[in-house]
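Working notes, structure below.
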Amino acid sequence: MAKKIMSVLVVVLSIFMLYYFVGCQSTAKTSAKVYLQQDNIEKAIEQLEIDVQQNPQDAESHYLLGYCYGQKGRFKEMIRELDASLAISDKYKTDIEKIKRKYWIDNFNTGIRKVQSEQFAEAIPYFKMAMAILPSDPKAYRSLAFAYAKLDSLKKAETFYKKALEIQPEDVHTLISLGTLYYKAKKYDDAIATFEKVLKIDASNKDAIYYIAVCYDLKGEPDKALEMYNEALKANPDEKDLYFNRGRLFYLREDYDNAIKDFEKVLAIDSTDFDAFCNLGKSYLFLGDRLFKQGNELEQKAGSANKAKIKELKEKEIQFYRKSLEYLLKAAKIKPEDPNLWYDIGVAYVRMGEPEKGKEAFEKSDELKSKK
19 MAKKIMSVLV
29 VVLSIFMLYY
39 FVGCQSTAKT
49 SAKVYLQQDN
59 IEKAIEQLEI
69 DVQQNPQDAE
79 SHYLLGYCYG
89 QKGRFKEMIR
99 ELDASLAISD
109 KYKTDIEKIK
119 RKYWIDNFNT
129 GIRKVQSEQF
139 AEAIPYFKMA
149 MAILPSDPKA
159 YRSLAFAYAK
169 LDSLKKAETF
179 YKKALEIQPE
189 DVHTLISLGT
199 LYYKAKKYDD
209 AIATFEKVLK
219 IDASNKDAIY
229 YIAVCYDLKG
239 EPDKALEMYN
249 EALKANPDEK
259 DLYFNRGRLF
269 YLREDYDNAI
279 KDFEKVLAID
289 STDFDAFCNL
299 GKSYLFLGDR
309 LFKQGNELEQ
319 KAGSANKAKI
329 KELKEKEIQF
339 YRKSLEYLLK
349 AAKIKPEDPN
359 LWYDIGVAYV
369 RMGEPEKGKE
379 AFEKSDELKS
389 KK
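Going by our numbering, the letters in the sequence shown line up with residues 19 to 390, in that order.
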């Protein structure tokens with residue numbers, strides 16, 4: 019008799035528990051969970067869509083539906099449902115964060131692979147989806163901006179670099195990228211302001227110092243440019259472009275001695291730099307012309323005392339012309355078809371007292387010009 023009573027109690031308890039667990043959730047949710055166990059995501063979605071319509075305040079159903087949408091790559095719907103779950107309860111917050119991070123990584127990495135294969139337009143949708151999944155992560159904004167910059171959509175690139183900076187305002191990498199974007203767009207004031215922000219964070223940042231110097235140079239502010247080139251070269255002592263640009267500023271100021279020093283440093287770094295050879299040749303040519311003019315002025319003045327000085331100037335003048343010719347001829351070996359170069363070679367020969375060679379160089383210059 020006792021055994022019969024116990025059996026009846028077990029049956030009743032089982033019925034009660036079945037009623038409790040099934041009764042606490044809708045038929046649609048119960049069916050969805052069964053389908054999930056069977057890995058039948060499509061059917062689970064059908065049932066969960068019914069359930070969230072019937073029970074819009076059920077955080078679990080929204081969470082499960084978001085999970086299923088993610089499995090099918092329906093990320094916009096996934097975001098909507100996961101956010102709906104969080105708006106109701108934070109019970110599933112940890113799991114939701116894991117899901118979002120997973121699909122952020124998937125989309126972001128796909129975008130990066132597209133960029134690496136130079137498929138910039140194809141990368142954009144993946145970075146945008148990554149942004150939608152995790153709006154607080156700046157890396158997708160930066161990468162999207164980079165893709166737009168590669169497509170010459172500079173305004174869009176600027177927009178997304180700025181959005182990345184709203185999240186991480188002191189990120190040097192992003193500031194450098196934005197400053198470089200302004201530089202390429204010839205917005206030199208904006209570029210300088212951006213690179214100055216970098217220097218407030220990293221006072222010795224080589225890129226920022228370099229670009230500020232170049233921007234001032236391109237703005238036509240040589241004094242500020244020269245000051246920044248000096249700073250840039252302290253940070254970048256092996257950067258030949260800095261020496262070249264500073265040398266060019268000295269050259270334009272007719273400070274040929276300092277220009278020569280910088281152009282020689284360029285050649286010490288790169289012995290094939292055509293422009294450095296040309297500018298060295300011209301610098302020595304102008305130094306020779308300067309001494310030629312000084313000698314003529316002395317000759318016009320009376321007095322035997324000037325003869326020794328005139329002779330000294332003449333000897334140094336010839337040395338400068340010889341040095342000029344040395345560099346110009348080296349440049350001609352690199353680019354023998356440059357007519358302007360052959361004209362300068364002709365001038366150097368004439369100044370050295372070799373008019374026949376000068377004539378040949380002038381004729382070659384004219385011949386090359388006629389072919390253009």
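Idealized CB from N, CA, C, for every residue including glycine. Note that the structure is a prediction, hence the values are computed from the model and not measured.
So, for residue i: in the same chain, excluding its five sequence neighbours on each side, which residues have a beta-carbon less than 6 Å away from its beta-carbon?
i	result
residue 138	165, 168 and 169
residue 181	159
residue 302	338, 341 and 342
residue 123	none
residue 81	103 and 110
residue 242	234
residue 376	364, 367 and 368
residue 147	93 and 125
residue 284	258, 261, 262, 291 and 294
residue 281	265, 294, 297 and 298
Quick check on this structure: which residue in the options has the alpha carbon closest to the alpha carbon of residue i?
i	options	result
residue 290	280, 353, 319 and 254	353
residue 222	248, 52, 333 and 57	248
residue 297	269, 43 and 176	269
residue 191	309, 224, 335 and 324	224
residue 88	69, 77, 120 and 105	120
residue 125	218, 155, 106 and 107	155
residue 335	326, 216, 48 and 310	310
Express the C-alpha separation of residue j and residue i in angstroms, rounding to a whole number.
i	j	result
residue 245	residue 115	50 Å
residue 381	residue 370	18 Å
residue 237	residue 293	22 Å
residue 63	residue 79	10 Å
residue 250	residue 359	31 Å
residue 227	residue 206	14 Å
residue 185	residue 179	10 Å
residue 145	residue 177	14 Å
residue 67	residue 93	15 Å
residue 330	residue 307	14 Å
residue 386	residue 379	11 Å
residue 65	residue 106	20 Å
residue 374	residue 314	23 Å
residue 83	residue 73	13 Å
residue 267	residue 132	42 Å
residue 195	residue 85	36 Å
So, for residue i: in the same chain, excluding its five sequence neighbours on each side, which residues have a beta-carbon less than 8 Å away from its beta-carbon?
i	result
residue 130	141 and 161
residue 288	258 and 294
residue 52	none
residue 324	316 and 317
residue 349	292, 295, 296, 299, 356 and 359
Round the Cβ separation of residue i and residue j to the nearest angstrom and send it over; I've been treating them as touching at under 8 Å.
i	j	result
residue 203	residue 172	5 Å
residue 362	residue 346	6 Å
Please check if any C-beta of chain D sits within less than 9 Å of the C-beta of residue i.
i	result
residue 373	Judged by its chain identifiers, the structure shown contains no chain D, having just a single protein chain.
Taking 7 Å as the limit between beta carbons, can you name the residues of its chain near residue i, skipping five residues before and five after?
i	result
residue 256	287
residue 118	100, 151 and 152
Exercise. Could you tell me which uninterrupted alpha helix (DSSP H) segments, each at least 4 residues in length, are contained entirely in the segment 247 to 293, listed from first to last along the chain?
Key: 258 to 270 and 274 to 287
Quiz prompt | Inside the segment 170 to 238 only - alpha helix (DSSP H) runs reaching at least 4 residues | solution = 172 to 185, 190 to 202, 206 to 219 and 224 to 236
Quiz prompt | Whole runs of the alpha helix (DSSP H) within the segment 65 to 99, excluding any shorter than 4 residues | solution = 77 to 89
Quiz item: Can you list the beta strand (DSSP E) stretches of 3 or more residues lying completely in the segment 324 to 349, in chain order?
Solution: none
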